[in-house]
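Chemist:
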Amino acid sequence: MTRLVVEADGGSRGNPGVAGYGALVRDGATGRVLAERAAPLGKQSNNVAEYSGLIAGLEAAARIDLAADVEVRMDSKLVVEQMSGRWKVKHEDMRRLALEARELCRARSAAGGSVRFTWIPRADNTAADKLSNDGMDGLTIDRSYAEGPGASTNDGTRPDAVIDRAPGQAPVIEEESADREEGAEGEPLTGREVTDPVPGAAPDLGVPTRVLLVRHGLTDFTVRGWLDGRGGEDPGLNQDGVAQAQACADAVRRLVGPDARVLTSGLYRARQTGAAIAAALGVEATEDDRFDEQGLGDWDGKSMGQVAARWPDELAALRTDPAYARPGGESHDELRERVLAGWREVVAAGGATVLVGHRKPFLVVLAEVLGIPHDRFWRLALAPGSLTGVEVWADGNASVSFVNRTSHL
16 MTRLVVEADG GSRGNPGVAG YGALVRDGAT GRVLAERAAP LGKQSNNVAE YSGLIAGLEA
76 AARIDLAADV EVRMDSKLVV EQMSGRWKVK HEDMRRLALE ARELCRARSA AGGSVRFTWI
136 PRADNTAADK LSNDGMDGLT IDRSYAEGPG ASTNDGTRPD AVIDRAPGQA PVIEEESADR
196 EEGAEGEPLT GREVTDPVPG AAPDLGVPTR VLLVRHGLTD FTVRGWLDGR GGEDPGLNQD
256 GVAQAQACAD AVRRLVGPDA RVLTSGLYRA RQTGAAIAAA LGVEATEDDR FDEQGLGDWD
316 GKSMGQVAAR WPDELAALRT DPAYARPGGE SHDELRERVL AGWREVVAAG GATVLVGHRK
376 PFLVVLAEVL GIPHDRFWRL ALAPGSLTGV EVWADGNASV SFVNRTSHL
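Just add 15 to wherever you are in the sequence shown, counting from 1, and you've got my numbering.
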């Protein structure tokens with residue numbers, strides 16, 4: 016039977032204050048680190064951060080082996096005693112998180128594994144503590160290591176790895192001995208004038224606009240490969256899509272904190288997904304139909320197989336000719352004009368926005384930010400329910416923190 020060890024922690028600078036969590040998973044036999052997680056939580060309490068670290072560790076362990084026996088080690092006496100059933104959970108936020116953690120434990124038990132909780136002194140939890148400080152510094156870390164050379168050892172050291180930054184953080188290069196300066200805290204910028212980057216100019220190190228792109232959950236059209244553009248049947252989420260929307264809501268809540276706004280396209284599947292996210296954040300979602308999927312005219316409701324077989328040349332034109340449009344539909348140029356008009360307003364508003372929408376409009380945004388030509392942006396994957404992080408500074412510089420993240424699904 017596989018044995019895994021989860022080490023988890025969370026912290027808050029102010030309690031409540033700037034919060035983040037960290038967690039890692041070790042091979043129970045060798046001590047080798049198999050996965051690391053960290054993320055910011057916005058303004059939260061220390062206990063909420065600790066529970067969030069526990070959940071991240073259990074989720075990471077589930078991705079490695081759902082049937083393994085897991086020992087969770089934490090220096091939070093409160094979390095260990097509550098999860099062991101010896102102390103009651105009274106606070107509403109903690110009750111919700113404890114329930115989420117218990118569901119993960121039940122899923123492991125149903126798969127043949129087990130979970131037990133062990134309290135350890137803080138001095139023995141330094142690796143998770145470091146990751147939780149990374150989260151409080153605004154870093155989002157999602158790393159998995161394969162067995163073999165270059166994997167981590169039980170002394171807590173780690174190989175070189177890419178760090179996913181949460182939207183809102185300036186570029187960070189991490190070295191084993193590097194000191195990191197904490198990001199400046201401040202109110203979201205509003206009414207910003209966004210300009211193109213000036214070659215040779217000093218970079219803007221202020222607070223960027225943060226945007227989390229969330230593609231809607233599955234519909235029956237998505238599963239069957241049917242086209243469902245603007246002006247079509249406007250399908251809603253199927254049962255799996257509803258579950259994806261809730262998983263997105265939980266992930267977004269942990270990632271962006273409580274101060275983000277939620278903006279959706281006008282199509283039903285995006286509005287449903289956005290409603291779940293807005294409920295998790297305690298805000299009202301706003302609709303903007305400029306972020307609707309591309310209008311496909313007479314191709315709406317047809318499968319990609321039908322289109323490829325009957326209209327192969329026209330399908331190639333749709334992918335390569337920005338002026339091509341189907342009867343009753345719209346061209347890429349028309350789509351780009353309306354999407355970027357909405358995007359500029361989102362960026363100018365400052366702060367953090369969760370934008371819930373569709374693949375093609377999001378490809379337009381990413382192509383604009385990264386300078387990718389129309390005939391090549393199709394290479395970007397954006398699965399249903401995926402998360403993509405973008406940040407834009409007032410000087411026009413931009414960064415894509417992560418693309419097509421689906422680990423929460």
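Here a beta-carbon is modelled for each residue, glycine too, at the ideal position from N, C-alpha and C. Please read these numbers as outputs of a predicted model, since none were measured by experiment.
1) Between the alpha carbons of residue 427 and residue 421, how many angstroms are there, rounded?
2) Going by beta carbon distance, what residues of the same chain come within less than 6 Å of residue 318, once the five residues before and after it are set aside?
3) DSSP puts residue 156 in a beta bridge; with which residues?
4) Looking at residue 252: is its Cβ nearer than 9 Å to the Cβ of residue 284?
5) Can you give me the start and stop residues for the beta strand (DSSP E) that residue 36 sits inside?
6) Can the beta-carbon of residue 144 be found less than 9 Å from the beta-carbon of residue 51?
7) Ends of the beta strand (DSSP E) at residue 134?
8) Using three-state DSSP, classify residue 419 as helix, strand or coil.
9) DSSP three-state call for residue 84: helix, strand or coil?
10) How many angstroms separate the CA atom of residue 60 from the CA atom of residue 274?
11) To the nearest angstrom, how far is it from the Cα of residue 93 to the Cα of residue 113?
12) Is residue 143 helix, strand or coil by DSSP?
13) In whole angstroms, give me the CA-to-CA distance for residue 152 and residue 35.
14) Would you grab the beta carbon distance between residue 315 and residue 235 for me? Rounded to a whole angstrom, and I think it's under 8 Å.
15) Tell me the start and end of each unbroken beta strand (DSSP E) in the region 339-409 that is at least 3 residues and wholly inside, in chain order.
16) Would a C-beta distance cut-off of 9 Å place residue 428 and residue 277 closer than the cut-off?
17) If you measure between the beta carbons of residue 223 and residue 102, is that distance less than 9 Å?
18) In terms of residue numbering, what span does the beta strand (DSSP E) encompassing residue 126 cover?
19) Indicate the three-state DSSP secondary structure (helix, strand or coil) for residue 245 in the structure shown.
20) Quick check on the DSSP output: what are the complete beta strand (DSSP E) runs of length 3 or more inside the region 250-304, in order along the chain?
21) For residue 318, list the residues DSSP reports as bridge partners.
22) Under 8 Å by Cβ, that's how I've got residue 399 and residue 254 pegged, so tell me the actual separation to the nearest angstrom.
23) Tell me which residue opens and which closes the alpha helix (DSSP H) that residue 75 is part of.
24) Apply the 10 Å Cβ neighbour rule to residue 347 and answer buried if 16 or more other Cβ atoms are within range, or exposed otherwise.
25) What's the gap between the Cα of residue 363 and the Cα of residue 413?
26) Here's the rule: buried if 16 or more other CB atoms are within 10 angstroms of the residue's CB, otherwise exposed. What is residue 308?
27) What does the alpha-carbon distance come out to for the pair residue 269 and residue 108?
28) On a CA-only basis, which of 149, 372, 81 and 120 is nearest residue 8? Give me that one, please.
29) Would residue 74 pass as a contact of residue 18 if the rule is Cβ separation under 9 Å?
30) Hey, would you say residue 380 sits closer than 9 Å to residue 358, going by beta carbons?
31) Compute the distance between the beta-carbons of residue 311 and residue 245, then report whether it is under 9 Å.
32) Between residue 391 and residue 130, what straight-line distance do the alpha-carbon atoms span, to the nearest angstrom?
33) I need the boundaries of the beta strand (DSSP E) containing residue 19, first residue and last residue.
34) Which two residues bound the contiguous alpha helix (DSSP H) that contains residue 334?
35) Note down the Cα distance separating residue 203 from residue 128, rounded to an integer number of angstroms.
36) Hey, how far is the Cα of residue 344 from the Cα of residue 325?
Modeler: A quick look at the data gives this:
1) The displayed coordinates of the chain run from 16 to 424. Any statement about residue 427 would go beyond what the structure contains.
2) 240 and 241
3) 53
4) yes
5) Secondary structure note for residue 36: its beta strand (DSSP E) is the uninterrupted segment 32-42.
6) no
7) 129-134
8) Strand at residue 419.
9) In the three-state reduction of the DSSP assignment, residue 84 falls in the strand class.
10) 15 Å
11) 11 Å
12) helix
13) 8 Å
14) Incorrect: roughly 14 Å between the Cβ atoms, too far for contact.
15) Within the region 339-409, the complete beta strand (DSSP E) runs of at least 3 residues fall at 367-372 and 402-407.
16) Given that the chain is displayed from residue 16 to residue 424, the structure contains no residue 428 and the question cannot be resolved.
17) no
18) Run containing residue 126: none; DSSP gives neither H nor E here.
19) Residue 245: coil per DSSP, three-state reduction.
20) Counting only runs of 3 or more, we get 276-279 and 300-302.
21) 241
22) With 8 Å as the limit, residue 399 and residue 254 do not qualify as a contact, their Cβ atoms being about 13 Å apart.
23) 61-79
24) buried
25) 13 Å
26) buried
27) 12 Å
28) Here the chain has residues from 16 to 424 only, and residue 8 is not among them.
29) No; because the gap between Cβ atoms is not below 9 Å, this pair is not in contact.
30) yes
31) Taking a C-beta distance under 9 Å as the contact criterion, residue 311 and residue 245 qualify as a contact pair.
32) 46 Å
33) Segment 18-28, the beta strand (DSSP E) holding residue 19.
34) 327-335
35) Only weak support exists for where residue 203 lies, its pLDDT of 31 falling under 50; the coordinates are left without a value.
36) 18 Å
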